[in-house]
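As given, the protein sequences belong to chains A and B, one line each in that order. Per the numbering used here: the first sequence = residues 86 to 173. Per the numbering used here: the second sequence = residues 14 to 165. Think of the CB as a built atom: it goes at the ideal place given N, C-alpha and C, for glycine as much as any other residue.
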Amino acid sequence: MEIYLKLYGSSKMLNDKEILSIELPNNSNIEKLRIALDKMISKKYLKNNLENLSKTAAFFSEADEVVDDNYKLKNKELISIIPPIGGG
Amino acid sequence: MTLHTAIVKAEVDNISLEKAKKFIISEKNGAETIFVGRVRNENSGKKVIAVTYDAHDQAALKSFQSICNDAKIKFDKRSSIFLEHAKGYIPVGEISILIAVSSGHRDEAFKICRYILEEIKHKAPIWKKEHYTEGNEQWLPGHSLRPKEEIK
């Protein structure tokens with residue numbers, strides 16, 4: 086299955102575009118997405134201080150609500166990655 | 014209307030102190046507090062020239078409204094609140110956040126302003142990337158919205 090990850094904050098270093106397409110095994114959940122992200126970061130992006138991103142990020146569904154690790158992803162679903170925040 | 018919240022895109026508009034003052038003025042309220050946050054020219058020994066703010070607009074606005082309504086319930090239901098946060102490239106000296114509050118009395122006005130600022134830092138999905146004089150840039154660390162007990 087394929088999901089679309091909308092990038093915010095430091096996660097924008099993962100791709101030049103605002104949306105990153107990620108291939109996951111069918112019936113994956115957020116936990117599987119974290120594992121896939123962790124692999125991607127450890128292969129390519131360790132220099133960019135992103136090593137903790139897969140653990141510290143929260144995820145929002147299309148309804149802009151935080152979803153937990155058991156949340157079942159749907160094929161072609163758009164999910165927002167929410168790295169640690171710091172406005173003001 | 015006693016509540017205004019917005020994410021202001023730098024390429025479209027500026028945050029206006031005058032607009033905030035006009036919004037909160039009320040004959041019912043005898044106290045006003047205004048907090049203006051501006052981009053500083055230094056952070057942790059590095060010379061900063063600008064900050065780029067990123068935001069999840071819908072969720073940030075939702076959190077602004079929830080925080081402001083909580084503040085009203087907690088401190089003064091009749092208060093007026095104006096809250097705007099910048100998004101995009103903001104040079105040193107420009108406004109990044111403005112919180113203006115009018116309330117019945119000074120204590121509540123100060124408390125509401127402080128409460129909103131601290132809550133935003135911990136709840137609103139907004140991020141900042143500093144740009145330095147040397148030409149490099151860095152996303153700043155922040156507060157995770159993932160429950161602490163789930164982070165292993």
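In angstroms, rounded to a whole number, what distance separates the CA positions of residue 173/A and residue 95/A?
17 Å
For the pair the region 119 to 128 of chain A and the region 126 to 146 of chain B, tell me if three or more CB-CB distances fall below 8 Å.
no
Beta-carbon gap between residue 68/B and residue 20/B smaller than 8 Å:
yes
Can you list the alpha helix (DSSP H) stretches of 4 or more residues lying completely in the region 98 to 144 of chain A, in chain order?
115 to 129 and 138 to 141
Is there a Cβ of chain B sitting closer than 8 Å to that of residue 152/A, yes or no?
no
Which same chain residues end up closer than 7 Å to residue 100/A when comparing Cβ atoms and leaving out the 5 residues on each side of it in sequence?
92
So which residues of chain B does residue 170/A contact, with C-beta pairs closer than 7 Å?
137, 138, 139, 140, 155, 156 and 158
Residue-chain proximity (residue 67/B, chain A), Cβ-Cβ < 8 Å:
yes
Give the interface partners of residue 143/A over in chain B, defined as CB-CB distance under 8 Å, in chain order.
157, 158 and 159
Along the chain, where does the beta strand (DSSP E) containing residue 44/B start, and where does it finish?
44 to 51
Proximity of residue 144/A and residue 165/A at Cβ, strictly below 8 Å:
yes
Check whether the region 145 to 152 of chain A touches the region 101 to 111 of chain A, counting contact only when three or more Cβ pairs, one atom from each stretch, lie closer than 8 Å.
no
Might you give, ordered along the chain, the residues of its own chain that have their beta carbon closer than 8 Å to the beta carbon of residue 27/B, omitting 5 neighbours on each side?
21, 107 and 108
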